[in-house]
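K.L.:
Chains S and U, in that order, give the protein sequences.
Numbering-wise (the working numbering), the first sequence opens with residue -19 and increments by one.
Numbering-wise (the working numbering), the second sequence opens with residue -19 and increments by one.
2 protein chains.
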Amino acid sequence: MSASSDTAAHVETQNISFPELVELLRQVFLRNGTSPEVASVLAENCASAERDGSHSHGIFRIPGYLSSLASGWVDGKAVPKVEDVGAAFTRVDAANGFAQPALAAARPLLVEKAKSAGIAILAIRSSHHFAALWPDVEPFAREGLVALSVVNSMTCVVPHGAQRPLFGTNPIAFAAPRAGGDPIVFDLATSAIANGDVQIAARKGAMLPPGMGVDRAGLPTEDPKAILDGGALLPFGGYKGSALSMMVELLAAGLTGGNFSFEFDWSKHPGAQTPWTGQLFIVIDPNKGSGQNFAERSEELVRRMHDVGQERMPGDRRYLQRAKALVHGIDIPVAELTRLRELAGVQG
Amino acid sequence: MSASSDTAAHVETQNISFPELVELLRQVFLRNGTSPEVASVLAENCASAERDGSHSHGIFRIPGYLSSLASGWVDGKAVPKVEDVGAAFTRVDAANGFAQPALAAARPLLVEKAKSAGIAILAIRSSHHFAALWPDVEPFAREGLVALSVVNSMTCVVPHGAQRPLFGTNPIAFAAPRAGGDPIVFDLATSAIANGDVQIAARKGAMLPPGMGVDRAGLPTEDPKAILDGGALLPFGGYKGSALSMMVELLAAGLTGGNFSFEFDWSKHPGAQTPWTGQLFIVIDPNKGSGQNFAERSEELVRRMHDVGQERMPGDRRYLQRAKALVHGIDIPVAELTRLRELAGVQG
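1. Which whole-angstrom value is the C-beta distance of S/Gly77 and S/Pro60, which I expect to be below 8 Å?
2. Grab the span of the alpha helix (DSSP H) containing S/Phe(-2) for me, first residue to last.
3. Look at the Cβ atom of U/Ala169, then the Cβ atom of S/Gly289, and state whether they are nearer than 9 Å.
4. Any C-beta of chain S within less than 7 Å: which residues of the segment 256 to 276 of chain U qualify?
5. Going along the chain, which residues of its own chain have a beta-carbon closer than 6 Å to the beta-carbon of U/Phe40, five neighbours each way excluded?
6. Hey, could you find the ends of the beta strand (DSSP E) U/Asp409 is sitting in?
7. For the beta strand (DSSP E) containing U/Ala75, name the first residue and the last one.
8. Is any beta-carbon of chain S found at less than 9 Å from that of U/Ala68?
9. Report the residue from U/Leu300, U/Gly237 and U/Ile312 whose alpha carbon sits nearest the alpha carbon of U/Asn333.
10. What's the gap between the Cα of S/Asp203 and the Cα of U/Gly251?
11. So the candidates are U/Lys304, U/Trp53, U/Ala324 and U/Ala156; which of them puts its Cα closest to the Cα of U/Phe(-2)?
12. Cα separation between U/Pro266 and U/Lys95?
13. I'd like to know whether the C-beta atoms of U/Gly56 and U/Thr14 end up nearer to each other than 9 Å.
14. Establish whether the CB of U/Thr14 and some CB of chain S are separated by less than 9 Å.
15. Closer than 7 Å by beta-carbon distance: list the chain S residues that pair up with U/Met227, in chain order.
16. Looking only at DSSP bridge pairs, what is S/Thr62 linked to?
17. Go to S/Trp256, then tell me how far its alpha helix (DSSP H) extends in each direction, as first and last residue.
18. Here's a check: name, in chain order, each residue in its chain whose Cβ is nearer than 6 Å to the Cβ of S/Val314, leaving out the five neighbours to either side.
19. Residues in the segment 291 to 304 of chain U with C-beta within 9 Å of chain S's C-beta atoms, listed in sequence order?
20. Restricting to runs no shorter than 4 residues, where is the alpha helix (DSSP H) found entirely within the segment 68 to 140 of chain S?
21. Quick check: the Cα distance between S/Gly191 and U/Ile310, rounded to an integer number of angstroms?
22. For S/Met285, go through chain U and note every residue whose CB falls closer than 8 Å to its CB, in chain order.
23. Looking at chain S, which residues of the segment 105 to 123 of chain U have a Cβ within less than 7 Å of any of its Cβ atoms?
24. Using DSSP with H/G/I as helix, E/B as strand and the rest coil, what is U/Asp(-14)?
25. The beta strand (DSSP E) spanning U/Pro313 covers which residue range?
26. Identify whether S/Thr318 lies in helix, strand or coil by the three-state DSSP scheme.
27. Applying the criterion that 16 or more other CB atoms from any shown protein chain within 10 Å of the CB defines a buried residue, is S/Val130 buried or exposed?
28. Residues of chain U with CB closer than 8 Å to the CB of S/Ser96, please, in chain order.
29. Who are the neighbours of S/Ala75 on chain U, taking C-beta pairs under 9 Å?
30. State the start and end residues of the unbroken beta strand (DSSP E) segment that holds S/Phe154.
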């Protein structure tokens, strides 16, 4: 580790390696109510987001995780129950625990089914997802598989044409292998903006672009604080994004047996922040698709996208940050690192 | 049939029943180079779009179908070859024919696999899709299944951040059963506007809303003629719609073995209008999803969408038109009906 200072914002930072950050976060989770299995999965996930520059899903989320655990809303020691219900269908009851350990428990069976049947589905229910979605799908593409995942969250998005919020931010993530580089991966909220980015803007005192949300009276606003204070988000892309958000509710909750975004009541758990819903995965083995090599075909698409002037592929910014972190480590504000060490019970 | 005149636009129309329109279009296709099997499938598809008010995919498309057939670009008598490649994976080589007969040929196997394995995929390659996508998915939902389909078309959309077009309009269609009414069905182009709607606006001399497309110089335009004359469309919803359009290329072409939207060359077939690409289906049996009844869960979602003020569900406008047509028949301009009868070789 080395100390430095961010001259632009005058925030003193300290440098930490990725493995050090994973271990620190693992200790934080372990000391705050999770099992060793859950602590390992969440620490890896959260540290990956921080490393890749997904700051709204990095260590920024730790207070939310911990207050949710402390409130008794989510079970940090839940043991997911994997159910094999068909040649291409796996279910998991996450038992009121986090979604990522449920995925980890079912993953070997899901991959085996996808490779033998050609496509497979994983339906996770009674799960809490409080992270970015891309870490869930990227590893499938690194194994040569194509993966799609959707997860619903909590009511904060007004359906197109409606007056009041109903949907969650309901992201869709997709990953596909390519022959000449890192997988093609996107992770997009079907809301016009992600909740985490609204929170970060509010913290900074920054305004948002128009079209992102409404205030508590249902009127358009560019003030993130007005959105968070009883307002709501809008779907991206008008009625189309709204239709996709509805699809996410149907797949991630309706089909899995999880809660819709409007169904759970956390009012008796002050501090609870993690949506108690469901998550769906569809994983395809592209080797069954045709006589052609899929990864070479996707590489050809990327090449042509560059040719017409698209310089950055979805995922590229994360890969760049990741490569930097591998060499230089991750810079974290000293105050945040100190707080994490306190939470982990380790000396600074 | 009965004759009437549309007083608003002073276009004289004639009334025809849905079965009469299907039969008329079947004769048109039969007399213009298709096999009886292909004629039946395309006639039903095209008449359904006209009946449901999807005018940009109804009889408006007939000249495009016929000029493509006449050019030798598409094989109207192709016999699709169905390949069973896994417990949940079916492929079809459409053999340079239309996509809908390929779907019809593979559909029984696809449904059987979805019901036994829980999910199944259908990868159609070397196919021409020149129709709306919702007629492909709606019937699955009427059987209690959840269906998703994507199809790529021809280069006409500029990827977000790029300078020149590459993607097709690349629609995504989704259908899910609901207990209390017609299935929830949406069919959305990942372009900001569908090609057919640009053509219809150009025909009418109407302008488009901003953000739909660019002219041949790559500059934003609201003139549909400028878009059609060497210009291009934009994706819906900025980088998010663009990412989804890319996903459609990867699934509908990369995975199936079909052509990407930029790969086929129809310059030696003047009159060719049908994109020679691929199409992907994912069909899920929601009965394997949880202990709950999916159709009742989706009905609950619809009820809540109505509660927050969304009056019209995706698909409702089509169902309303369909119900009207069942009672009153379909009004078609006399000039168009006369032309169809000439093409069918029948007396008016």
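Ideal Cβ positions, reconstructed from N, Cα and C, are used throughout, including at glycine.
P.N.:
On the basis of the supplied data:
1. Position 97 of the first sequence holds residue 77 of chain S. Position 80 of the first sequence holds residue 60 of chain S. That pair is a contact at about 6 Å.
2. Here residue -2 of chain S corresponds to residue number 18 of the first sequence, with the count starting at 1. It spans Phe(-2) to Leu10 - the alpha helix (DSSP H) in which S/Phe(-2) sits, taken as one unbroken run.
3. On the second sequence, residue 169 of chain U is found 189 positions in, with the first residue counted as 1. On the first sequence, residue 289 of chain S is found 309 positions in, with the first residue counted as 1. No, Cβ-Cβ distance for U/Ala169 and S/Gly289 is not below 9 Å.
4. Ile262, Ile264, Pro266, Lys268, Gly269, Ser270, Gly271, Gln272 and Phe274
5. Numbered from 1 along the second sequence, position 60 holds the residue referred to as residue 40 of chain U. No residues qualify anywhere along the chain.
6. This structure leaves residue 409 of chain U out entirely; chain U is present only between -19 and 328.
7. Here the question's residue 75 of chain U lines up with position 95 in the second sequence. Its beta strand (DSSP E) spans residues Phe69 to Phe78.
8. As a first step, residue 68 of chain U must be located in the second sequence, where it is residue number 88. Chain S contact via Cβ: present.
9. The shown model of chain U, from -19 to 328, leaves out residue 333 of chain U, and the question about it has no answer.
10. Working through the first sequence from its first residue, we reach residue 203 of chain S at position 223. Working through the second sequence from its first residue, we reach residue 251 of chain U at position 271. So the alpha carbons of these two residues sit roughly 53 Å apart.
11. The residue labelled residue -2 of chain U in the question sits at position 18 within the second sequence. The residue with the shortest Cα to Cα distance from U/Phe(-2) is U/Lys304.
12. As a working mapping, residue 266 of chain U is identified with position 286 in the second sequence. As a working mapping, residue 95 of chain U is identified with position 115 in the second sequence. C-alpha separation (whole angstroms): 9 Å.
13. Mapped onto the second sequence, residue 56 of chain U falls at position 76. Mapped onto the second sequence, residue 14 of chain U falls at position 34. Contact flag set, yes.
14. Stepping through the second sequence from its first residue, residue 14 of chain U is reached at position 34. Closer than 9 Å: no.
15. Along the second sequence, read from residue 1 onward, the residue named residue 227 of chain U stands at position 247. Phe154, listed in chain order.
16. Stepping through the first sequence from its first residue, residue 62 of chain S is reached at position 82. Correcting the residue identity first, residue 62 of chain S is Val in this sequence and not Thr. According to DSSP, S/Val62 bridges with S/Val72.
17. Position 276 of the first sequence holds residue 256 of chain S. First-last for S/Trp256: Trp256 to Ile264, but that is the beta strand (DSSP E), not the alpha helix (DSSP H).
18. Counted from its first residue, the first sequence places residue 314 of chain S at position 334. Excluding positions up to five away in sequence, the list reads Glu(-8) and Gln(-6).
19. Glu291, Arg292, Met293 and Pro294
20. 79 to 97 and 114 to 122
21. In the first sequence, counting from the first residue as 1, residue 191 of chain S sits at position 211. In the second sequence, counting from the first residue as 1, residue 310 of chain U sits at position 330. C-alpha separation (whole angstroms): 39 Å.
22. As a position in the first sequence, residue 285 of chain S is number 305, starting the count at 1. Chain U residues near S/Met285: Pro139, Ala142, Leu146 and Met226.
23. Arg105
24. Translated into the one-based positions of the second sequence, residue -14 of chain U becomes position 6. Any reading at U/Asp(-14) needs caution, since the residue's pLDDT is 44, under 50, leaving its predicted position unreliable; the model's value is listed next. Strand, per DSSP.
25. Within the second sequence, the letter at position 333 stands for residue 313 of chain U. First-last of the beta strand (DSSP E) with U/Pro313: Ile310 to Pro313.
26. Indexing the first sequence from 1 puts residue 318 of chain S at position 338. DSSP places S/Thr318 in helix when its eight states are reduced to three.
27. Here the question's residue 130 of chain S lines up with position 150 in the first sequence. The residue is buried, with at least 16 neighbouring Cβ atoms inside 10 Å.
28. In the first sequence, the residue the question calls residue 96 of chain S occupies position 116. Per Cβ cutoff of 8 Å: Gly66 and Ala67.
29. Taking the first sequence and counting its residues from 1, the one referred to as residue 75 of chain S is at position 95. Here the premise fails: no neighbours, minimum Cβ distance about 14 Å.
30. On the first sequence, position 174 is the one that residue 154 of chain S refers to. Residues Ile152 to Ala156.
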